[in-house]
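These protein sequence lines map, in sequence, to chains A and B. First residue of the first sequence? That's 69 in this note's numbering, and the numbers climb one at a time after it. First residue of the second sequence? That's 69 in this note's numbering, and the numbers climb one at a time after it.
There are 2 protein chains.
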Amino acid sequence: MPNTKVLPLLDPASDGSVAPCCPPLTERPFTAEEAEAAARMFKALGDPVRLRLFSAVASHEGGEACVCDIPDVGVSQPTVSHHLKKLREAGLLASERRGTWVYYRVEPSVPAAMGRLLTNASSVV
Amino acid sequence: MPNTKVLPLLDPASDGSVAPCCPPLTERPFTAEEAEAAARMFKALGDPVRLRLFSAVASHEGGEACVCDIPDVGVSQPTVSHHLKKLREAGLLASERRGTWVYYRVEPSVPAAMGRLLTNASSVV
DNA sequence: TGTCTATATTGACAGCCATCGATACAAGGC
DNA sequence: GCCTTGTATCGATGGCTGTCAATATAGACA
């Protein structure tokens, strides 16, 4: 199992690109479904350990890192694995085994979509 | 008590503006303190009900809404109040009582800072 | 003063979740 | 085959959190 399924947070378009799940936060009140989808992503980054793991992967050269490259964040190995799985399930990271090691890389379109959700939200009408 | 204290997520500069708490996620691995601060913000948006409330305020004209303006999101009045408090404590909303009603408005610099954290994270080096 | 409306707080409870140790699985070297 | 190393899963547990009903508080208006 190289990596888990891509979540319905982004709709894969016909050309293979992805479209954001939701309009900017300022456009109109979110529906329950939109909020459910977007909250999953924010929740994934709403834990300090996960944020450090994500940042470690994102800042590693090539936007990709072996688990062994990730600096110690003060929790046990099973906990690290648990959090990496959560980030995968949220669509923020993808993983791939290469021989002995497992590499994680950032799924760039997802943070980009989250960013658009927010940055357009700052230019209040 | 018009609104609770501004959290240390953004450092108020001498000129009154605010600077982001953390570098972009790709710049380097977050420290424990940076992750703690940034995770608080993401966590606040990591709940569907809070996201709907925030979106309702952000999309209301003027980026401000009375609680009575917020459409029903399917939870009780105390729960709405509880979530609005959480959003306040995360620095995402500010509140002000005007007569009978309490108005909430978006603290624009905070989502903007969160957005920068993420959008720069998508342009992987 | 009393009453009505709008919002906040309190207290309780159920479900979720971050964490760990123990263990399992995967791959490479012997 | 066996052993070692890297990663994932399992099961248990304590703490956090979203939710509600009940109640409190704030302000407007008689």
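We treat Cβ as the ideally placed atom computed from N, Cα and C, and that holds for glycine.
Within the same chain, and ignoring the five residues on either side of B:Val-143 in sequence, the residues whose Cβ sits closer than 7 Å to its Cβ are Val-117. Residues of chain B with a Cβ closer than 7 Å to the Cβ of A:Gly-114 are, in chain order, Ala-107, Phe-110, Lys-111, Gly-114. Within the DSSP bridge table, the entry for A:Ser-163 names A:Tyr-172 as partners. With contacts defined as CB atoms closer than 8 Å, A:Ser-163 and B:Pro-97 fail to qualify as a contacting pair. When the beta-carbon positions are compared, B:Leu-113 and B:Val-148 stay at least 8 Å from each other.
Excluding sequence positions up to five before and after B:Leu-119, its CB lies within less than 6 Å of the CB of Leu-113, all in the same chain and listed in chain order.
When the Cα atoms are used, A:Glu-132 and B:Gly-167 turn out to be separated by approximately 54 Å.
Each of A:Asn-188, A:Gln-145, A:Ala-107, A:Trp-169 was checked against the Cα of A:Gly-159, and the nearest Cα belongs to A:Ala-107. B:Ile-138 and B:Ala-181 have their alpha carbons spaced roughly 25 Å apart. Spanning the alpha carbons of B:Val-125 and A:Cys-89 requires a straight line of approximately 20 Å.
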